[in-house]
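The structure appears below as structure tokens.
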Amino acid sequence: MSSPIRVLTAVPICDGHDSAINTINLEFIRHGIEVVYLGFHRYVSDIVRAAIQEDVAAIGISSYNGGHVEFFAEIVRQLRKRGANDIAIFGGGGGTITHDDVTLMKRRGVDQIFFAGTSLADMVEYVRQHYGKKRRPGAKINGDIALARKLTEIEDSFAKHKPRRSPGSARRFGSSRNSKRARVLGFTGPGGAGKTTLIDELVLRFLQRNPKGRIAILSHDPSVVGEGALLGDRATMINSQDDRVFMRSMATRGQSGGLSPATESCLDLLAHSDFDYVIIETVGTGQEALPFRSTLVDQTVLVMNPDYGARLQLQKIVMLDVADIVVVNKTDLERAKAALLEIEQRLAQNNFPQQIAATVAKRHRDHGVDVLYDLLMQDSTGAISGRRKQRIERQRAATMKTRSR
Amino acid sequence: MSKLGQVVEAVEKHGRFVLEQVKRARSDEKFARELSERWQMTKAGIPISRAPTGLPLPRLALPEIDEPGEIARYLFGEGLPGEFPFLNGAYREMYLEPLERVGIEDGSYGNKKSPNGSQGQKNGARPPEEPTRLFSGLMLAEDTNKRFHFLSAHQRSKRLSTAFDGPTLYGIDSDADGVFGKIGEGGVAVDTVEDMVRLYDGFELGSPEFSASMTISGPAPIIMAMYIAAAKRRFGPSVVPKLRGTIQADIFKEVQAQNETIFPIEASLRFLCDMIEWTTREMPRWYPVSISGYHIGEAGATPVQQAAYTLSNGFAYAEMLAARGIPVDQFAPRLSFFLDCGLDVEYIALSRVSRKIWAIGMRDVFGASSRGQMFKLHTQTSGRSLIAAEFKNNLTRTAAELMLAYMNGTNSCHSNSADEPFTTPSEEWIRLAAHGQAILLEESGIFKHTMNMLSGSPGMKAVERAVEKAILDEFRQIEELGGVLAAVENRYQRSQIQNAAHRYERQIYDGTRPVVGLNRYRDGADEVPDIELARTPKAKQQLQINRLAKFKKKNAEKAKRALQKLGDVVERGENCFPALLEAAEVCSLGQITGRLQELVGRFRPMV
Chain V
601 MSSPIRVLTA VPICDGHDSA INTINLEFIR HGIEVVYLGF HRYVSDIVRA AIQEDVAAIG
661 ISSYNGGHVE FFAEIVRQLR KRGANDIAIF GGGGGTITHD DVTLMKRRGV DQIFFAGTSL
721 ADMVEYVRQH YGKKRRPGAK INGDIALARK LTEIEDSFAK HKPRRSPGSA RRFGSSRNSK
781 RARVLGFTGP GGAGKTTLID ELVLRFLQRN PKGRIAILSH DPSVVGEGAL LGDRATMINS
841 QDDRVFMRSM ATRGQSGGLS PATESCLDLL AHSDFDYVII ETVGTGQEAL PFRSTLVDQT
901 VLVMNPDYGA RLQLQKIVML DVADIVVVNK TDLERAKAAL LEIEQRLAQN NFPQQIAATV
961 AKRHRDHGVD VLYDLLMQDS TGAISGRRKQ RIERQRAATM KTRSR
Chain W
15 MSKLGQVVEA VEKHGRFVLE QVKRARSDEK FARELSERWQ MTKAGIPISR APTGLPLPRL
75 ALPEIDEPGE IARYLFGEGL PGEFPFLNGA YREMYLEPLE RVGIEDGSYG NKKSPNGSQG
135 QKNGARPPEE PTRLFSGLML AEDTNKRFHF LSAHQRSKRL STAFDGPTLY GIDSDADGVF
195 GKIGEGGVAV DTVEDMVRLY DGFELGSPEF SASMTISGPA PIIMAMYIAA AKRRFGPSVV
255 PKLRGTIQAD IFKEVQAQNE TIFPIEASLR FLCDMIEWTT REMPRWYPVS ISGYHIGEAG
315 ATPVQQAAYT LSNGFAYAEM LAARGIPVDQ FAPRLSFFLD CGLDVEYIAL SRVSRKIWAI
375 GMRDVFGASS RGQMFKLHTQ TSGRSLIAAE FKNNLTRTAA ELMLAYMNGT NSCHSNSADE
435 PFTTPSEEWI RLAAHGQAIL LEESGIFKHT MNMLSGSPGM KAVERAVEKA ILDEFRQIEE
495 LGGVLAAVEN RYQRSQIQNA AHRYERQIYD GTRPVVGLNR YRDGADEVPD IELARTPKAK
555 QQLQINRLAK FKKKNAEKAK RALQKLGDVV ERGENCFPAL LEAAEVCSLG QITGRLQELV
615 GRFRPMV
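Those protein sequences? They're chains V and W, same order as listed.
So the number in my numbering is just where the residue sits in the first sequence, counting from 1, plus 600.
So the number in my numbering is just where the residue sits in the second sequence, counting from 1, plus 14.
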């Protein structure tokens, strides 16, 4: 089975017309295409960076607010400048893009513009025909673009059932400082708890406090075998659209448990690619999920919403037995106080130090997020490696518990 | 229960009340007699005027009923035009030719007492202006200004509606990285108070004949402050209480549909309420928020979703303003509405039902007096219904939509240009669109002789009942999710709208939704209007940037102080609008947005 086609879609800066692109995204997904959706009101630089990091075959731009000739041409220019000449650009804008415009845009390197009235089926067909082929990158690629292509290779090898598990080669790929391993933070929790927003706020703090640091994010969205996926976390992660953040969105491609078959290998590569931190975010998980079995994950964070239901539900959440930090997000909700108390009592059943943090991630400059950031950053490497071992032990125990249930 | 839940109960209660009155009219002889007498007097008092052909017609048509129960059902359930619950119209005469022009044959509405005794005579007053609003916005301020003068040359009242370019809508300055091609595209570029002065140059901003409408929401409080600052520069501080017009400022619909939000939702709502609190006190003739379903409809919502989300957003604003301690009769009469009108059958009665639900909710849940119960409505024909293929058909689409809008008794209306799928409308097609309204209202006899000319057909009543029920069901759903704000944060409305949009597109592609020239009667050659596209020349875009640079240089010191002060006020949690007014004198839009975003953060888009 071949890998799904990956495309990135977005709406240009100062344009909020996302009705058409939402419909097109849904149609792409239905037909097996993985769509990294960047959202509306997006700068060229954000689009180009995302396309490179996500290593998509093509960028689709839906523009209704004018200025399209300049906008599309600027994408081409910046892609070429960064050596990603083989990423194609297509788009549309109803009747706002005229035939004369299209002639000009194609001359400047745009691959295809769909006029008003083009059927969804025709668009899907075009994408499959033209962007499903193996691409030829420029001769010399390095930096993020090379890393991104390597991640694609790993993902593709899993799609073909020829997993390529060779951490050694990953290390060789890293820079001269390959002895440095990034600290890996795993975030998990139920859908709607606010993981993505929380991670984005932590990234913002990281960028503000480490003027030279780099961070990587491996984010997951669900998909089933043979179908596409909407990889939409980038749209929400406004602070993570930065040259010092390398973000990769992965579809789970049929694997249950919150991660993708290729996650472990991709993580191995990222952990040895000169980042200070690598953050993994799982898909929204259920009560039985224990997603971080990897020895590469240094710290695990469970993000919860105060609205988990009755206290009894807490007993069933296995991740509470193993998480290093439990975050109760959305503590502006009415139930938050009671929830914090109940969760504290639940954690007291475990015989090892776990920390608990209360956050309102959607609030700018939230104090709770500051506290969580410090918790994550202060941990010394020694303490972490000790705890990692213990966690793996606990995880094994928790797994047994789940099975016997 | 939020106020929305109470509105549902109030509407249901009102329904029961009407049925009780019907029963009572059929069992209580005294009550029946009173009703019959009132009905006879109302009918006898209706003036008669003559059509140009000499045909005498009553200025108000009433159903042919004489049974007291049915009279009760009509008077309490629908109300005469201008009377609670305003189903048939917010005002008594709406688009009728003024009496002095046609001459009265007979009668003068003798009995002005309403069945509920709650309505004063004020509602009988005819809106003094043409219901046509002229929409424009292109290139730089002086270009839009020229277009405004062209469009309004023959109008007795100057009602200008302003579209802003992308950078302005997102609170960004024209000199920001990566926005160059967007300057002056799709609307006018406004960066500073000086642009605002140029934009309305030559118009008497304080005149009762002038009103400005500004279509902007995300940075609305900042743009509002700039408008006030510009008016003060030109006419002195005494002009402020005289300013008339409206600014869209509808944050909820931005988050639900149009995506032009720049601060997090709660901060946006705070700045909005700061502005409403200030303007409803200091500018009693200004409408500081236009609660808009238009963009919800354009984003693909069904008509019922459009009306339900618009009304519930309106009730949510009312709840927030009331919670601030602003008296309901200070803010309620300053809330106005903006709906889309397309070709789906619901539009036959959508605004009628909306008017009724709003009136009941405002009276019974918020305790508003008569002026605060009225759903004052601007309608725009559907842009979404216009297509590029065989675009001249768009004239017919717009004409049909206009007809529906006026059947619903909209207070003002904008008709789209047929060339809109291609570009900012050109003068030729704008004229045709505006003239479409004049043909309907002035040339044809459909609306100018008789109120209720087309109200209350059995079909219309059937649509009303179905639509009302569906809107209340939506309210219940939102209430179940914790009210409007909670539903918005959980992206409920967004996903509902997106699902409806997807269904709409699929229906077009599979042919179950006929679109002439697209999936039916397509004749091949797609014609493109022979117009010069309204693209902003590079030289103009550069001029805007140069002007901005000059402004920033000139005001550098003052701007720093104003922004500092603004920041302090925001941090202290006070009403920041007075500080915004000061900042607007010396700061650019982008400078103010930037300062506020440092403090409250940026909007995190929902997908």
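Backbone N, C-alpha and C fix where the C-beta goes; we use that ideal spot for every residue, glycine too.
8 Å contact criterion, which residue i and residue j should meet: CB distance rounded
i, j, result
"F352(W)", "S304(W)", "5 Å"
"T931(V)", "V901(V)", "About 16 Å; that fails the 8 Å criterion."
"K750(V)", "L869(V)", "6 Å"
"R844(V)", "I815(V)", "7 Å"
"V202(W)", "A244(W)", "So it is not a contact: roughly 13 Å between Cβ atoms."
"L283(W)", "M334(W)", "7 Å"
"A658(V)", "I687(V)", "6 Å"
"A177(W)", "S619(V)", "In fact, because the Cβ distance is near 18 Å, the residues do not count as touching under 8 Å."
"V583(W)", "C590(W)", "5 Å"
"I276(W)", "R616(W)", "7 Å"
"Y877(V)", "L798(V)", "At roughly 14 Å, the Cβ-Cβ gap does not stay under 8 Å, so Y877(V) and L798(V) are not in contact."
Cross-strand partners of residue i (DSSP beta bridge)
i, result
"R834(V)", "R834(V) is not bridged to any residue."
"M847(V)", "I817(V)"
"H516(W)", "Note: H516(W) sits in no beta bridge, so no partner."
"L74(W)", "M465(W)"
"F806(V)", "Beta-bridge pairing links F806(V) to no other residue."
"H428(W)", "Q394(W)"
"L785(V)", "I879(V), Q899(V)"
"E634(V)", "R606(V), A829(V)"
"A958(V)", "V928(V)"
"F178(W)", "V202(W)"
"I242(W)", "According to DSSP, I242(W) bridges with nothing at all."
Secondary structure of residue i, DSSP reduced to three states
i, result
"F714(V)", "strand"
"M723(V)", "helix"
"G768(V)", "Caution is warranted here: a pLDDT of 45 is assigned to G768(V), below 50, making its placement in the model unreliable, and the coordinate value is therefore given only provisionally. Helix at G768(V)."
"Q945(V)", "helix"
"D701(V)", "helix"
"M465(W)", "strand"
"P235(W)", "helix"
"R606(V)", "strand"
"D354(W)", "strand"
"P278(W)", "coil"
"H668(V)", "helix"
"F952(V)", "coil"
"R38(W)", "helix"
"A447(W)", "helix"
"I229(W)", "According to the sequence as given, residue 229(W) is Thr; it is not Ile. Three-state DSSP puts T229(W) in a strand."
"I1075(V)", "This structure cannot settle anything about residue 1075(V), because the visible part of chain V is limited to 601 through 1005."
"L975(V)", "helix"
"P612(V)", "strand"
"R680(V)", "helix"
heavy atom of the ligand GDP below 8 Å from residue i C-beta
i, result
"S823(V)", "The ligand GDP is not part of the structure shown, which contains no ligands of any sort."
*If you measure beta-carbon to beta-carbon, which residues of the region 497-528 of chain W are closer than 7 Å to chain V?*
Those residues of the region 497-528 of chain W that come within reach of chain V (Cβ to Cβ, closer than 7 Å) are Q512, A515, H516, E519, Y523.
_For the region 391-405 of chain W, list every residue whose C-beta sits within 7 Å of some C-beta in chain V, in sequence order._
If the cut-off is 7 Å between Cβ atoms, the region 391-405 of chain W has I401, A402, A403 near chain V.
*According to a CB-to-CB cut-off of less than 8 Å, which residues of the region 177-195 of chain W neighbour chain V?*
D179, G180, P181, L183, Y184, I186, D191, G192, V193, F194, G195
*Name the residues in the region 962-989 of chain V whose C-beta lies less than 8 Å from a C-beta of chain W; which are they?*
K962, R963, H964, R965
*Could you run through the region 699-723 of chain V and flag, in chain order, every residue whose CB is less than 8 Å away from some CB of chain W?*
H699, F715, A716, G717, S719, L720, A721
*Ignoring anything shorter than 4 residues or poking outside the region 294-323 of chain W, list the alpha helix (DSSP H) runs there in chain order.*
Counting whole runs of 4 or more residues, the region 294-323 of chain W contains the alpha helix (DSSP H) stretches 308-312.
*Of the residues that make up the region 640-657 of chain V, which ones have a beta carbon closer than 8 Å to any beta carbon in chain W?*
F640, H641, Y643, V644, S645
_Uninterrupted alpha helix (DSSP H) stretches inside the region 846-912 of chain V (no shorter than 4 residues)_ = 863-871
*Relative to chain V, which residues along the region 197-211 of chain W have a C-beta separation below 7 Å, given in chain order?*
E199, G200
*Can you list, in chain order, the stretches of the alpha helix (DSSP H) that have 4 or more residues and sit fully within the region 350-410 of chain W?*
364-378, 384-387
*Interface positions of the region 418-437 of chain W facing chain V (Cβ-Cβ less than 9 Å), listed along the chain*: D433, E434, P435, F436, T437
*What residues in the region 613-634 of chain V have a beta carbon less than 7 Å from any beta carbon of chain W?*
Those residues of the region 613-634 of chain V that come within reach of chain W (Cβ to Cβ, closer than 7 Å) are I613, C614, D615, G616, D618, S619, N622, T623, L626.
*Residue ranges of each alpha helix (DSSP H) within the region 469-528 of chain W, 4 or longer*: 472-494, 498-503, 506-524
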